[in-house]
Every structure is written in structure tokens, then in C-alpha cells.
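Single-structure report; data block below.
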Ligand SMILES: Nc1nc2c(ncn2[C@@H]2O[C@H](COP(=O)(O)OP(=O)(O)OP(=O)(O)O)[C@@H](O)[C@H]2O)c(=O)[nH]1
Ligand SMILES: [Mg+2]
């Protein structure tokens with residue numbers, strides 16, 4: 018689906034010329050019409066020089082409508098440029114980010130910013146500084162920055178790496194979390210040799226689940242490469258899910274993996290089978306096969322990734338540039354440079370916030 022904005026003097030008349038004659042000549046405002054080349058559109062006449070065309074039918078169909086507009090003398094404008102020219106920088110930046118929002122939740126948060134949450138917050142901080150209320154200004158800045166680690170993931174997914182020894186059920190767990198069979202599952206250890214990424218959402222936040230090869234010592238060069246790849250992915254992980262097999266006794270190898278990633282969420286998988294003898298550290302009991310414990314795992318992932326839930330309508334920065342600007346403003350206030358703080362906020366409100 019796409020909405021095309023046709024703008025400029027005589028826009029409505031130009032669109033009219035492209036439309037198949039209407040059976041209802043009194044059509045004004047909103048109407049379902051057909052373009053001469055056969056494509057159907059919903060025409061929304063906003064003014065004589067502004068028309069919105071809501072199109073469906075996929076890229077090819079929309080391409081044909083754009084071509085028809087081009088042949089009628091229209092020029093295709095870069096929409097980011099269009100936003101920059103008409104909206105203030107924070108609005109335009111929110112519009113750009115909104116297009117990339119992968120989930121309803123992240124779109125909702127960005128929509129709040131598009132409605133002006135961050136610009137209002139920055140304006141009020143500037144007023145606080147102007148009125149000598151630097152303490153309040155710093156508290157408000159702290160509030161905005163508290164959400165920084167989460168909100169940088171409004172468009173970029175969190176990386177959750179699923180790791181563990183071979184055959185413990187890592188791929189089964191990824192499939193169960195994703196809701197479809199993304200990875201090959203097999204009773205033979207060493208099935209996964211690559212790092213396999215699956216896009217999903219947890220609690221409305223975008224997440225990349227990364228299935229990895231099982232950790233073990235091997236002479237097989239392909240398996241060694243798989244283990245190296247797993248190590249690389251672990252080094253860049255936002256969160257590690259360490260899977261162990263509850264039907265097999267806790268081993269030194271499991272302990273070594275837990276010691277290497279003490280912040281990991283520990284999973285005792287295959288809890289549908291009789292438990293192995295001996296003690297195991299605290300962890301979540303899960304059956305990737307039957308689904309037991311998955312709701313608990315999903316809520317643990319949600320809490321670990323986003324420990325501070327956003328109140329409705331909360332102002333947040335959503336680009337690294339904005340976070341840096343707010344941090345620098347805090348620092349300027351800390352060392353008593355109020356003019357610098359005001360100027361940094363002014364810059365934040367009036368400069369572009371995305372890269373091409
Ligand atoms: N009973 C039971 N079997 C499971 C469970 N999870 C996985 N399995 C079985 O364990 C075997 C290994 O599962 P995989 O998901 O391939 O394990 P893995 O950790 O990805 O294995 P590698 O890729 O070889 O490291 C398969 O036969 C699965 O069907 C579970 O919760 N319960
Ligand atoms: Mg596997």
C-alpha cells in the first residue's frame with residue numbers, strides 16, 4: 018500500500034484528467050476511482066493544489082500510478098526532502114523514523130514524538146534554564162535519558178543470542194519463540210553450524226533471535242568455524258539466552274558457559290523429560306517441544322531488554338545524535354555553563370536528525 022501526495026498548482030485538475038470518467042459526477046472529497054491505465058485508487062481531494070491518492074496492489078501497481086502521474090507532467094520528489102522543507106526538524110526526524118518502525122508499539126512511541134512530545138520537553142527544559150530552575154531542568158533531562166538504551170531500539174532490533182552446548186534444543190527454542198520452523202532441528206548434535214537470524218517481536222519491541230552452533234571442542238573445521246561465528250555473535254549480543262538440557266546432568270562445560278556469560282538468562286530445556294540427577298543453578302524450566310515455560314521466558318526477555326516501561330505519551334530521544342545532545346546539555350548544566358546548555362537544546366530543536 019502507498020499514499021501518494023500530489024501537490025502543486027493545478028494538482029486536482031491534473032489528477033482528474035488521469036481518472037476514468039466518474040459515474041457520479043458529484044464526486045468530491047473522497048472517492049474510489051480508476052486511473053486510465055486500470056489501477057484503482059482512493060482519491061482524497063484536500064484542496065485544488067493538494068490531492069492524496071491511496072493506492073494498493075503492490076509495488077508494480079503503485080509504480081504504474083506513479084508513471085501515469087509522471088507522464089501527466091508530475092515530478093517525483095524525495096519525501097525526506099519534502100518533510101525537511103515543510104516540518105520542523107524533530108517532526109521530520111520522527112516522520113523518517115516512523116517509516117522504519119517495525120512494530121505497532123514502536124510506531125506508537127514515535128507517533129508521540131511526531132505529535133511533539135520531545136520538542137515540548139526540550140522547550141520546557143529551555144524555559145526552566147532561562148528561569149534559573151537548573152535543578153528541575155537536570156531532573157527532566159535525566160528522565161529523558163533514562164529511556165535512551167531502549168529507545169535507540171525503536172527502529173533497530175535487539176540482538177538476542179541463543180547459545181549452549183550441542184543438542185540442548187537451541188534451534189527448537191528459536192523456532193518455538195519465532196512461531197515457525199526457521200532452523201533445522203535434529204537429534205544429531207552439531208546440526209546448526211551457521212549463525213541463523215530470525216526477526217521477531219517481544220513485548221512489542223523488535224528482536225533478532227540468533228541461533229548458534231553448539232559449543233564444543235571439535236577437529237571438524239566447519240564446526241570450528243561455526244563455534245567461532247557463535248563467539249562473534251555473542252560478543253555483540255544485547256542479551257544471551259543460555260540453553261542447557263535438563264534431562265542431562267549439569268556439567269563442567271555448562272558451568273563454564275554460565276561463568277563466561279553471567280548475565281545470561283539460563284534455560285533448563287526438555288523439562289518434559291525426566292529430570293537428570295544432581296543440582297543445577299536457578300533457571301527457567303522450559304520445554305521447547307511442548308511449549309512449557311515459554312510465556313515466562315518471553316516475559317523475562319521483555320523485562321531484561323526493557324527494564325523501564327515507557328509511560329504513555331512519554332517524551333524520548335530516538336537517535337544517537339539526540340541522546341548525545343541531551344547528554345552534552347546535562348554536562349553543560351553540571352559545570353554551570355547555562356548558555357551552552359540553552360544553545361545545545363536550540364541546536365537539537367532546529368537541526369536535522371538523520372543521516373541519508
Ligand atoms: N523432549 C524434548 N526434546 C527436545 C526439546 N527441545 C529439543 N529437543 C530435541 O533435541 C534434539 C536437538 O534439538 P535441536 O533444537 O536441534 O538442538 P540444538 O541445540 O539446536 O542442537 P545443535 O544445533 O546440534 O547444537 C532434537 O531431537 C529435538 O527434537 C524439548 O523441549 N523436549
Ligand atoms: Mg541447532
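Numbering (this note's numbering), first residue to last: 18 to 373. In this text, a Cβ means the ideal position worked out from N, Cα and C, and glycines have one as well. No experiment lies behind these values; they were computed from the predicted model shown.
Query raised in the report: So what does residue 285 bridge to, in DSSP terms?
Result: 261 and 302
Query raised in the report: Leaving out five residues before and five after residue 102 in sequence, what residues of the same chain have Cβ atoms less than 7 Å from its Cβ?
Result: none
Query raised in the report: Who pairs with residue 19 in a beta bridge, going by DSSP?
Result: 72
Query raised in the report: Going by the C-beta, is residue 189 closer than 7 Å to any heavy atom of ligand 1?
Result: yes
Requested in this report: Count the CB pairs spanning the segment 316-331 and the segment 87-103 that are closer than 8 Å, and state whether there are at least three.
Outcome: no
Query raised in the report: Between 143, 60 and 21, which lies nearest to residue 83 when the distance is taken from Cα to Cα?
Result: 21
Query raised in the report: Are there 16 or more other CB atoms within 10 angstroms of the CB of residue 87, so buried, or fewer, so exposed?
Result: exposed
Query raised in the report: Excluding five sequence neighbours on each side, which residues of the same chain lie with their C-beta closer than 7 Å to the C-beta of residue 161?
Result: 138, 332, 333, 334 and 343
Requested in this report: Taking residue 175 and residue 116 to be in contact with their CB atoms under 8 Å, please state how far apart those CB atoms are, rounded to whole angstroms.
Outcome: Rounded, the Cβ-Cβ distance is 20 Å, inconsistent with contact.
Requested in this report: Note down, in chain order, each residue of its chain lying with its Cβ closer than 7 Å to the Cβ of residue 364, except the 5 sequence neighbours on either side.
Outcome: 342
Query - Endpoints, beta strand (DSSP E) assigned at residue 181 - result: 175-181
Query raised in the report: Does any heavy atom of ligand 1 sit closer than 7 Å to the C-beta of residue 289?
Result: yes
Query - Proximity winner among 136, 217, 23 and 154, relative to residue 90 (alpha-carbon distances) - result: 23
Report task. Express the C-alpha separation of residue 240 and residue 210 in angstroms, rounding to a whole number. Result -> 6 Å
Query raised in the report: Taking just the CA atoms, how far does residue 144 sit from residue 254?
Result: 40 Å
Report task. Can you grab the Cα-Cα spacing for the pair residue 373 / residue 336, in whole Å? Result -> Summary for residue 373: the model assigns pLDDT 47, below 50, so the residue's position carries little reliability; its value from the coordinates is reported in the next sentence. The straight-line gap from Cα to Cα measures roughly 13 Å.
Requested in this report: Less than 8 Å between the CB atoms is what I'm expecting for residue 28 and residue 68, so what's the real figure, rounded?
Outcome: 5 Å
**Report entry** Beta-carbon proximity check, residue 213 vs residue 236, cutoff 8 Å
**Finding:** no
**Report entry** residue 211 beta carbon near ligand 2 (any heavy atom closer than 7 Å)
**Finding:** no
Query raised in the report: Can the beta-carbon of residue 280 be found less than 8 Å from the beta-carbon of residue 257?
Result: yes
Query raised in the report: If you measure from the CB of residue 242, is any heavy atom of ligand 1 nearer than 7 Å?
Result: no
**Report entry** Counted within 10 angstroms of its Cβ, other Cβ atoms place residue 130 as buried (16 or more) or exposed
**Finding:** buried
Query raised in the report: For residue 228, is the beta carbon positioned less than 7 Å from some heavy atom of ligand 2?
Result: yes
Query raised in the report: Within 7 Å: the Cβ of residue 247 and any heavy atom of ligand 2?
Result: no
Requested in this report: Taking residue 292 as part of the alpha helix (DSSP H), name the residues at either end of that continuous run.
Outcome: First-last for residue 292: undefined, no H or E at that position.
Query raised in the report: When you compare each of 93, 356, 49 and 289 to residue 73 by their alpha carbons, which one comes out closest?
Result: 49
Query raised in the report: What residue ranges within the segment 121-151 form continuous beta strand (DSSP E) runs of no fewer than 3 residues, ordered along the chain?
Result: none
Report task. Count the other CB atoms, across all protein chains shown, that sit within 10 Å of the CB of residue 266; report buried if there are 16 or more and exposed otherwise. Result -> exposed
Requested in this report: Within its chain, find whatever has a CB closer than 6 Å to the CB of residue 348; leave out the 5 residues flanking it on each side and keep chain order.
Outcome: none
Query raised in the report: At what residues does the alpha helix (DSSP H) containing residue 346 begin and finish?
Result: 337-351
Query raised in the report: For residue 203, is the beta carbon positioned less than 7 Å from some heavy atom of ligand 1?
Result: yes
Query raised in the report: Of the residues 155, 259 and 133, which one's Cα is nearest the Cα of residue 191?
Result: 259
Query - Per-residue DSSP class, three states only, for residue 210 - result: coil
Report task. Using only alpha-carbon positions, find the residue among 231, 293 and 181 that is nearest to residue 276. Result -> 181
**Report entry** Residue of 66, 173, 157 and 316 minimising C-alpha distance to residue 362
**Finding:** 157
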